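The opening residue of the sequence shown carries number 1 in my numbering; numbering runs sequentially from there. One structure is given here, and the rest of the page talks about it.
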Amino acid sequence: MTSRQNLVLSVVVGGLAVHGAITACGSIKSPVTDANASDGLAQVTDGSASNDGGIPQGTIVAFGGATAPSGWMLCDGSVVSRTIYANLFAAIGNKFGGGDGVSTFNLPDLRGRFVRGVDGGAGRDPDAANRVPSTAGGSSGDAVGSLQGDATAVPANPFSTESSGNHTHTNGAFD
1 MTSRQNLVLS VVVGGLAVHG AITACGSIKS PVTDANASDG LAQVTDGSAS NDGGIPQGTI
61 VAFGGATAPS GWMLCDGSVV SRTIYANLFA AIGNKFGGGD GVSTFNLPDL RGRFVRGVDG
121 GAGRDPDAAN RVPSTAGGSS GDAVGSLQGD ATAVPANPFS TESSGNHTHT NGAFD
């Protein structure tokens, strides 16, 4: 048995723009979004077709605007529904916080932070095991969603400088 799916689509083929409604039976998947189309996206009118542009759920993308585009959310730590955003919850789970522990979860909160990859045993991040959860219920240690502590603290070893006489200074570590 097949089902009908209605799709409103803008397509550019060889410079010719085609706009209209398409009725199809079966599954519809659009692996690539055409950036040259007048609106740039296929619009699913009944929610059953997939038009993710090949971008997996949970992907974090740098964005310069203050308001997220349609279909996207800002990484601002918001608590959202596990039911409404079931695919996103399946991708990131409680890595960025468990929400109420039952029906909600936290989005990543990247305000004032940068994205850092998991060491995954590569040995490039010697303090990976010391990372803490970014939000209560989130991941810790060498895991997505953990937070690295301040790495630019005030030097612990004492040092002094002299301002008299004719001399030069060299730069070096404060070890």
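Note that CB positions come from ideal geometry on N, CA and C, so glycine has one too. Being a predicted model, the structure only gives us computed values, none of them experimental.
Item, Value
"Considering only DSSP beta bridges, list what L147 is partnered with.", "V132"
"Looking at C-alpha atoms only, which residue of D142, A86 and G71 is the closest neighbour of A129?", "D142"
"Starting from the C-beta of G58, find all residues in its chain whose C-beta is less than 8 Å away, skip the five residues before and the five after it, and write them out in chain order.", "L88, A91 and I92"
"Short of 7 Å in beta carbon distance, which residues of its chain neighbour D76, apart from the five on each side in sequence? Order them along the chain.", "L107, D109 and R111"
"At which residues does the beta strand (DSSP E) containing F105 begin and terminate?", "T104 to N106"
"Report all residues from its chain with a CB closer than 6 Å to the CB of D127; omit the five preceding and five following residues, and keep chain order.", "none"
"Could you check which residue in G54, T104 and K95 has the C-alpha nearest to that of A86?", "T104"
"List the DSSP bridge partners of S81.", "T104"
"Going by C-alpha distance, which of T67, G121, S146 and R124 is nearest V115?", "S146"
"Could you check how far apart the C-beta atoms of A136 and G97 are, in whole angstroms? I think they sit under 8 Å.", "6 Å"
"Near D52, which residues of its chain fall below 7 Å by C-beta distance, leaving aside the five closest residues on each side in sequence?", "Caution is warranted here: a pLDDT of 49 is assigned to D52, below 50, making its placement in the model unreliable, and the coordinate value is therefore given only provisionally. Within the same chain, D52 has no close Cβ partners at all."
"For V144 versus K95, is the C-beta spacing smaller than 7 Å?", "yes"
"My understanding is that R131 touches Q148, with C-beta atoms under 8 Å, so please give their C-beta distance in whole angstroms.", "5 Å"
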